[in-house]
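K.L.:
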Amino acid sequence: MDLLEIPRIIEDVDFNAVHDRLDSNHPLTTSPRIVNSNILLTGLAHCAQCHPRMRIQTGKGGAYRYYKCGKHADSGKAVCTGCSVRMEKLDKIVLNVLIDRILAPGRISPLFERSLDRERTVQNRIKQLKSDKREMKKQLDALWRQTALARFAAGCVT
């Protein structure tokens, strides 16, 4: 069986960093409130000043949502001057970067073409296998006919 060569799209350092992050966010080792959250950056956003995870804090009776430094929320300004960013604003920035860098046409088009090429290769292989199957079935049927004729000629028909 031929192996399909798949070109590298990220460096080993990035790949390993992502897997370390995935391991740290694994559902069996991470709080369900983080794993099941519908907040885009839950467990991912960190305070730029003191680096703990940021958490959601609401304002105006829940009308506004902010990512706020967890240390600042727990211990106040003495520990961290605490950055606070509107959730919608930070989510939009992150999504735009993902769209611009990951889903850029110059990046997607070659991936799409490679995917189509692989699909064509797979479809051709399926056609070949089906053809091989039909040929083997014909050969098997011929073998059964020959066996039946030989048994009939030998008087062994039951």
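All residue numbers for the sequence shown refer to my numbering, where the first residue is 3 and numbers rise by one.
Where is the CB? At the ideal position from N, CA and C, for every residue including glycine.
Just so we're clear, the structure is a prediction, and the values are computed from it rather than from any experiment.
Please list the terminal residues of the continuous alpha helix (DSSP H) segment that includes T149.
P.N.:
Segment 107-155, the alpha helix (DSSP H) holding T149.
K.L.:
Suppose you measure from the CA of A156 to the CA of R147; what does that come to, to the nearest Å?
P.N.:
Whole-angstrom Cα-Cα distance: 14 angstroms.
K.L.:
Distance, Cα to Cα, H21 vs G63?
P.N.:
Roughly 38 angstroms separates the two Cα atoms.
K.L.:
Between the C-alpha atoms of A150 and Q141, what's the straight-line distance to the nearest angstrom?
P.N.:
If I take the Cα positions, the gap works out to 14 angstroms.
K.L.:
How big is the Cα-Cα spacing for C71 and G84?
P.N.:
Those two C-alpha atoms are separated by around 5 angstroms.
K.L.:
How is G72 classed by DSSP in three states: helix, strand or coil?
P.N.:
Residue state, collapsed to three classes: helix.
K.L.:
Would you mind working out which of G61, S86, R67, R136 sits nearest A50, comparing C-alpha positions?
P.N.:
When only C-alpha atoms are compared, the closest one is S86.
K.L.:
Please report the residue range of the beta strand (DSSP E) in which V87 lies.
P.N.:
Run containing V87: 86-88, per the beta strand (DSSP E) assignment.
K.L.:
Excluding the 5 residues flanking A75 on each side, which residues of the same chain have their C-beta closer than 7 angstroms to its C-beta?
P.N.:
Taken in chain order, the residues that qualify are R57, Q59.
K.L.:
What residue does the beta strand (DSSP E) around R57 start on, and which one ends it?
P.N.:
Segment 56-61, the beta strand (DSSP E) holding R57.
K.L.:
Tell me, which residues are paired with H48 by DSSP?
P.N.:
The partner list for H48 (beta bridge, DSSP) reads R55.
K.L.:
Give me the residue from H53, R10, L43, P9 with the minimum Cα distance to V81.
P.N.:
Of the candidates H53, R10, L43, P9, the one whose C-alpha sits nearest the C-alpha of V81 is H53.
K.L.:
Using alpha carbons as the reference points, say which of E90, E115, D143, M138 lies closest to Y68.
P.N.:
Of the candidates E90, E115, D143, M138, the one whose C-alpha sits nearest the C-alpha of Y68 is E90.
K.L.:
May I have the straight-line CA-CA distance separating D93 from N40, to the nearest angstrom?
P.N.:
Going by the C-alpha atoms only, they are around 12 angstroms apart.
K.L.:
Mind checking whether R55 and A47 have CB atoms under 8 angstroms apart?
P.N.:
In this structure, A47 lies closer than 8 angstroms to R55 by Cβ.
K.L.:
So S23 is in the alpha helix (DSSP H); what residue range does that whole segment cover?
P.N.:
The question names Ser, but residue 23 in the sequence shown is Arg. 14-26 is the extent of the alpha helix (DSSP H) around R23.
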